[in-house]
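Heads up: the first sequence is residues 213 to 687, going by the working numbering. Heads up, the beta-carbon is just placed ideally off N, CA and C, and yes, glycines get one too. Worksheet: one structure, shown below.
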Amino acid sequence: MHMNRINGNDLLAIGFTQGKILGLALEVLEKHYQDADRDMVLSMMKALAEKPELYLDHEILEDLATKMIEEASAPKDETIDLNVTAKEFAVYGQEHIDEGAVRQMNIAMRLPVTVAGALMPDAHQGYGLPIGGVLAAKNAVIPYGVGVDIGCRMALSIFDIPENHYFENHDFYKKELIAHTRFGAGHGFMRKERAEHAVLDRNEFNMTQFIKNLHDKAWSQLGSSGGGNHFVEWGIIEFSEEDKLLNIAAGRYLALLSHSGSRGLGATLAGHYTRLAKDICKLPKDAANLAYLDMNSEAGQEYWLAMNLAGDYASACHEVIHDKMAKAIGGQLLAKVENHHNFAWKEIWNGEEVIVHRKGATPAGKGVMGIIPGSMAAPGFLVRGKGEDLAINSASHGAGRQMSRTQATKNISHQEMKAILQENKVTLIGAGLDEAPMAYKDINVVMNAQKDLVDVVAKFTPKIVRMADDGSKED
DNA sequence: ATGTCC
213 MHMNRINGND
223 LLAIGFTQGK
233 ILGLALEVLE
243 KHYQDADRDM
253 VLSMMKALAE
263 KPELYLDHEI
273 LEDLATKMIE
283 EASAPKDETI
293 DLNVTAKEFA
303 VYGQEHIDEG
313 AVRQMNIAMR
323 LPVTVAGALM
333 PDAHQGYGLP
343 IGGVLAAKNA
353 VIPYGVGVDI
363 GCRMALSIFD
373 IPENHYFENH
383 DFYKKELIAH
393 TRFGAGHGFM
403 RKERAEHAVL
413 DRNEFNMTQF
423 IKNLHDKAWS
433 QLGSSGGGNH
443 FVEWGIIEFS
453 EEDKLLNIAA
463 GRYLALLSHS
473 GSRGLGATLA
483 GHYTRLAKDI
493 CKLPKDAANL
503 AYLDMNSEAG
513 QEYWLAMNLA
523 GDYASACHEV
533 IHDKMAKAIG
543 GQLLAKVENH
553 HNFAWKEIWN
563 GEEVIVHRKG
573 ATPAGKGVMG
583 IIPGSMAAPG
593 FLVRGKGEDL
603 AINSASHGAG
613 RQMSRTQATK
623 NISHQEMKAI
633 LQENKVTLIG
643 AGLDEAPMAY
653 KDINVVMNAQ
663 KDLVDVVAKF
673 TPKIVRMADD
683 GSKED
């Protein structure tokens, strides 16, 4: 516990300014002055901010003082201009997409690094790049083009268990779902319950002090699901015909579907590197959140490694969940499919290597499998990409909202929600009105709008859904 | 999306 720990706001209050120096100063404080007297350290830092030259011979602050003098005398960053005209981009299901998302996409298409873009049929407004936005950039990566929940993904396990086994043992499956999943912002596992995974031994955790500090939280949250629209659910997957590639015969099977990301680790990394990008890459105000890092720069390479670490961590979380559940039910696995939808990839597009950002978009290269969920009461789909160039080999990552969280909480009643769950024979554990099926677009309409992007392989119908408890019900 | 720490 560091109740009196000096934070960024404290330093801003005594004369530090937003930027790289602030981060360095916080690192020095953490490393050398954690247990020192707060007032003493604050007055020393204040003096340093006013006259860094007095600290050039200081045992600990020498390096920081040097950098502050360099920074102060360096020429000021110039704003990078956007192109006057936006490059054209494909939009799928435009009639169901809000204007804000299209406006944001138009700004993204004016970045000097932009090669191509596309908007998926579940698109809506986000920070910087819209959710459901795909952007191919030349040798640059945009932290907010990936999103806050780095590596957020879907994972599906199909078991060799016929659907009637589920219907006959509903309570057992419900019990195991509750026993082996954990939800809620900030929630993780106590030391004795913690899972192990090779991702925790990854070298990238030692890359910087900032990442090192996130290791313990990452460990405690390994195998947890978080909040918002994240879920773990049992459902029935239906193959209307044999799938030779998966080697699955036509029929209905029990399946486990999960949706979650990189938890606190990814969120903290996303925030850190977005700040860094905004500090380095000054864009006009309406494009500020699209700040990018050069892939050849130290910051760009550091973000790339951190992003990949967060992605692999998110994958590990799903692996832990699916392993626990498979073990609990003792089922034989027929197939496992996984895809991330908040990430950046190096891909070849139109003959050149580009960085493809998918922020809430499913990779849909030719033959690439993905999962597009509907809602807790609507089916989701196992799909195969068609490799559509205009969509930059992408598809939607879900149905998309038709009501904001606030709107949904206001306009939907608990009775209405109960009725639609009953009608679809869905058992719900947790979740608030903001995740009600009516808050989402009709998944069939969305799938229709992306017929050129994916083929449907199988249909997944949710049966027992677990989400985070409704925030309003918590104390 | 995230224990609301730039």
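Anticipated Cβ contact below 8 Å, residue i with residue j, distance rounded
i, j, result
"tyrosine 504", "valine 296", "With a Cβ gap of about 19 Å, tyrosine 504 and valine 296 do not count as contacting."
"leucine 502", "alanine 320", "6 Å"
"arginine 365", "serine 527", "7 Å"
"methionine 588", "alanine 670", "With a Cβ gap of about 19 Å, methionine 588 and alanine 670 do not count as contacting."
"glycine 438", "alanine 680", "7 Å"
"aspartate 535", "tyrosine 465", "The pair is not a contact, with the Cβ atoms about 19 Å apart (cut-off 8 Å)."
"glycine 572", "histidine 609", "5 Å"
"isoleucine 370", "isoleucine 449", "6 Å"
"glutamate 416", "alanine 518", "7 Å"
"isoleucine 533", "threonine 621", "Their Cβ separation, rounded to whole angstroms, is 28 Å, which puts isoleucine 533 and threonine 621 out of contact at 8 Å."
"alanine 467", "glycine 447", "6 Å"
"methionine 629", "leucine 645", "6 Å"
"alanine 430", "tyrosine 525", "6 Å"
The beta strand (DSSP E) enclosing residue i, as first and last residue numbers
i, result
"glutamate 450", "443-451"
"serine 470", "463-472"
"proline 674", "666-681"
"serine 606", "606-608"
"histidine 569", "564-571"
"valine 346", "343-349"
"threonine 639", "639-643"
"phenylalanine 371", "365-374"
First through last residue of the alpha helix (DSSP H) which encompasses residue i
i, result
"leucine 633", "626-635"
"leucine 546", "Careful: leucine 546 lies outside any alpha helix (DSSP H), inside the beta strand (DSSP E) at 545-552."
"phenylalanine 401", "Premise fails: phenylalanine 401 is in no alpha helix (DSSP H) and is neither H nor E."
"arginine 414", "First-last for arginine 414: undefined, no H or E at that position."
"aspartate 275", "274-285"
"proline 355", "355-358"
"arginine 487", "475-492"
"asparagine 656", "655-661"
Secondary structure of residue i, DSSP reduced to three states
i, result
"methionine 588", "coil"
"isoleucine 390", "helix"
"proline 649", "helix"
"aspartate 334", "strand"
"serine 255", "helix"
"methionine 537", "helix"
"arginine 217", "coil"
"lysine 456", "coil"
"glutamate 300", "coil"
"glutamate 271", "coil"
"serine 437", "coil"
"glutamate 212", "Since the first residue shown for the chain is 213 and the last is 687, residue 212 is missing from the structure and cannot be characterised."
"proline 324", "coil"
"serine 684", "Only weak support is given to the placement of serine 684: the predicted model assigns it a pLDDT of 43, under 50, and the question is left unresolved by the model."
Cβ-Cβ distance between residue i and residue j below 8 Å
i, j, result
"asparagine 556", "glycine 329", "It should be pointed out that residue 556 corresponds to alanine in this sequence rather than to asparagine. Going by C-beta atoms, alanine 556 is not nearer than 8 Å to glycine 329."
"glutamate 445", "leucine 426", "no"
"glycine 359", "asparagine 551", "no"
"valine 677", "phenylalanine 443", "yes"
"alanine 607", "glycine 597", "yes"
"alanine 407", "isoleucine 567", "no"
"alanine 576", "glycine 582", "yes"
"isoleucine 218", "leucine 266", "no"
"valine 595", "isoleucine 584", "yes"
"proline 333", "tyrosine 304", "yes"
"methionine 256", "alanine 237", "no"
Pairwise C-alpha distance: residue j and residue i
i, j, result
"glycine 463", "leucine 640", "25 Å"
"isoleucine 624", "leucine 602", "37 Å"
"alanine 410", "leucine 268", "43 Å"
"phenylalanine 301", "leucine 331", "7 Å"
"alanine 225", "alanine 284", "18 Å"
"serine 474", "glutamate 380", "35 Å"
"glutamine 306", "glycine 345", "13 Å"
"serine 421", "glutamate 239", "Correcting the residue type first, residue 421 is glutamine in the shown sequence and not serine. Between glutamine 421 and glutamate 239, the C-alpha separation is close to 8 Å."
"aspartate 687", "alanine 648", "In this predicted model, aspartate 687 has a pLDDT of only 33, less than 50, meaning its place in the structure is not dependable; the value taken from the coordinates is given anyway. The straight-line gap from Cα to Cα measures roughly 22 Å."
"asparagine 418", "alanine 522", "14 Å"
"alanine 499", "glutamate 559", "24 Å"
"leucine 241", "histidine 270", "14 Å"
"glutamine 662", "glutamate 564", "25 Å"
"glutamate 531", "threonine 291", "44 Å"
"glutamine 614", "glycine 340", "20 Å"
"alanine 261", "alanine 538", "57 Å"
"valine 353", "proline 674", "36 Å"
"aspartate 222", "serine 472", "34 Å"
"asparagine 636", "histidine 382", "15 Å"
"asparagine 459", "glycine 363", "28 Å"
"lysine 232", "arginine 414", "26 Å"
"leucine 495", "leucine 323", "9 Å"
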